[in-house]
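*Asks:* Numbering (the numbering used here), first residue to last: 13 to 314. C-beta atoms are modelled at their ideal positions from N, C-alpha and C, and glycine is treated no differently. Source: prediction; values computed, not measured.
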């Protein structure tokens with residue numbers, strides 16, 4: 013076997029011992045290092061799933077692939093090619109740190125995982141739980157934990173891999189650190205969300221005693237005027253996130269036309285972009301101002 017015959021992830025130490033590659037070859041552009049002692053031929057595209065398979069070569073048998081990594085392997089792409097590969101290991105087990113791996117020590121049973129490429133892969137239920145427990149409230153602000161966890165869970169639940177009722181029951185039984193926040197995150201999840209920023213905006217509104225409804229269709233008789241990302245229906249305030257894809261000329265024209273129809277029908281819009289999402293207090297102020305504006309119009313009309 014020669015170096016050119018390598019077509020997948022491999023351990024450098026094993027390939028050297030077998031005489032397949034040399035130290036020099038591993039340092040050249042012929043190979044890309046994924047983790048310590050784990051390589052892949054440079055012509056192979058690096059995906060998160062490939063990084064997970066690479067990590068499987070070096071983690072102990074007790075490690076369970078979970079969180080965003082497990083979700084991505086299961087078909088819900090929550091992790092990108094360069095994101096850390098996430099594992100849980102039983103409490104008291106010493107493993108890591110290894111650059112590129114994110115390891116959390118916690119209670120985990122064998123029934124919560126299945127075999128995958130020689131290691132353990134979290135079941136969908138355990139994956140959902142770890143999506144909510146991956147950030148510790150001790151090191152991350154509660155709002156950050158909720159924004160991140162709910163956005164992940166919205167996407168995961170939308171894939172119908174796990175029962176919402178089963179997840180809720182499991183969280184009620186658990187006593188892990190951070191489980192109180194995890195329960196709150198589960199209660200805030202909504203599978204109608206169509207993007208991560210939309211989920212985060214909804215969480216911020218809910219945490220400020222505002223209850224928007226996702227994906228609201230507005231009709232004039234039988235005519236559909238448009239659909240709103242998030243709507244405070246009683247106040248007739250719409251909150252929408254404009255991401256990069258909204259910046260195309262065609263999409264911008266469509267949005268202007270749709271919003272003009274809805275404004276004519278009595279709706280007020282709050283448009284959120286990445287900058288506004290990074291300043292939650294200002295976002296909430298703008299939404300509250302829109303609500304006050306709608307109420308003034310209502311009083312005048314009456």
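(1) With distances taken from CA atoms, which of 124, 115 and 270 is nearest residue 179?
(2) Below 7 Å between beta carbons: does that hold for residue 110 and residue 68?
(3) Find out if the Cβ-Cβ distance for the pair residue 144, residue 194 is shorter than 7 Å.
(4) Can you round the beta-carbon distance between residue 61 and residue 84 to whole angstroms, since I take them to be within the 8 Å contact cut?
(5) Suppose contacts are defined by Cβ-Cβ distances below 7 Å. Is residue 146 in contact with residue 79 by that definition?
(6) Does the stretch 168 to 184 come close enough to the stretch 105 to 121 to have 3 or more Cβ pairs within less than 8 Å?
(7) For a test of the three-state rule: what should DSSP assign to residue 160, helix, strand or coil?
(8) Pick from 302, 126, 245 and 205: whose alpha carbon is nearest that of residue 223?
(9) Could you tell me the boundaries of the beta strand (DSSP E) in which residue 232 lies?
(10) At 4 residues or longer, what runs of the alpha helix (DSSP H) sit wholly inside the stretch 59 to 89?
(11) Residue 282: buried (16+ other C-beta within 10 angstroms of its C-beta) or exposed?
(12) If I'm right that residue 44 touches residue 51 with Cβ under 8 Å, what's the distance once you round it to whole angstroms?
(13) For residue 166 and residue 201, which I take to be in contact (beta-carbon distance under 8 Å), what is that distance rounded to the nearest angstrom?
(14) Are the Cβ atoms of residue 250 and residue 236 separated by less than 7 Å?
(15) Can you give me the Cβ contacts of residue 310 inside the same chain, cut-off strictly under 6 Å, excluding the 5 residues immediately before and after it?
(16) Which same chain residues, not among the five before or five after residue 188, have their C-beta less than 8 Å away from its C-beta?
(17) Is residue 100 helix, strand or coil by DSSP?
(18) Could you tell me the distance, in whole angstroms, from the CA atom of residue 28 to the CA atom of residue 17?
(19) Where does residue 314 sit, in a helix, a strand or coil, going by DSSP?
(20) Taking all protein chains shown into account, do 16 or more other C-beta atoms lie within 10 angstroms of the C-beta of residue 71, making it buried, or fewer, making it exposed?
*Replies:* In terms of the structure at hand:
(1) Counted from its first residue, the chain shown places residue 179 at position 167. In this structure, 124 is the residue among 124, 115 and 270 with its C-alpha nearest to the C-alpha of residue 179.
(2) For the purposes of this step, residue 110 is taken as the residue at position 98 of the chain shown. For the purposes of this step, residue 68 is taken as the residue at position 56 of the chain shown. Residue 68 is positioned such that its CB atom lies no closer than 7 Å to that of residue 110.
(3) The residue labelled residue 144 in the question sits at position 132 within the chain shown. The residue labelled residue 194 in the question sits at position 182 within the chain shown. Yes, they are a contact pair.
(4) Counting from one through the chain shown, the residue named residue 61 turns up at place 49. Counting from one through the chain shown, the residue named residue 84 turns up at place 72. With 8 Å as the limit, residue 61 and residue 84 qualify as a contact, their Cβ atoms being about 6 Å apart.
(5) Position 134 of the chain shown, counted from the start, is the residue given in the question as residue 146. Position 67 of the chain shown, counted from the start, is the residue given in the question as residue 79. Yes.
(6) Because the criterion of three Cβ pairs below 8 Å is not met, the stretch 168 to 184 and the stretch 105 to 121 do not touch.
(7) Here residue 160 refers to the residue found at position 148 of the chain shown. Correct three-state label for residue 160: helix.
(8) Along the chain shown, read from residue 1 onward, the residue named residue 223 stands at position 211. For the residues 302, 126, 245 and 205, the minimum Cα distance to residue 223 belongs to 245.
(9) Locating residue 232 in the chain shown gives position 220, where the first residue counts as 1. Taken as a continuous stretch (DSSP letters only), the beta strand (DSSP E) holding residue 232 covers 225 to 232.
(10) DSSP runs (the alpha helix (DSSP H)) wholly in the stretch 59 to 89: 60 to 67 and 79 to 85.
(11) The residue you call residue 282 lines up with position 270 of the chain shown. Residue 282 comes out buried.
(12) As a first step, residue 44 is located in the chain shown; it is residue number 32 there, counting from the start. As a first step, residue 51 is located in the chain shown; it is residue number 39 there, counting from the start. About 7 Å; that satisfies the 8 Å criterion.
(13) In the chain shown, residue 166 corresponds to position 154, counting from 1. In the chain shown, residue 201 corresponds to position 189, counting from 1. Contact holds; Cβ gap of about 5 Å.
(14) Taking the chain shown and counting its residues from 1, one reaches residue 250 at position 238. Taking the chain shown and counting its residues from 1, one reaches residue 236 at position 224. No Cβ-Cβ contact shorter than 7 Å links residue 250 with residue 236.
(15) Position 298 of the chain shown holds residue 310. If we look at residue 310 and ignore the five residues flanking it on each side, it has no Cβ neighbours.
(16) For the purposes of this step, residue 188 is identified with residue 176 of the chain shown, where counting begins at 1. Only 118, 119, 145 and 194 meet the Cβ criterion.
(17) As a working mapping, residue 100 is identified with position 88 in the chain shown. It is a strand residue.
(18) Position 16 of the chain shown, counted from the start, is the residue given in the question as residue 28. Position 5 of the chain shown, counted from the start, is the residue given in the question as residue 17. Cα-Cα distance, rounded: 14 Å.
(19) To locate residue 314, count along the chain shown from 1; it is residue 302. Residue 314 sits in coil when the DSSP states are folded into three classes, being neither helix nor strand.
(20) Taking the first residue of the chain shown as position 1, residue 71 is located at position 59. Looking at its Cβ environment, which holds 16 or more other Cβ atoms inside 10 Å, residue 71 is buried.
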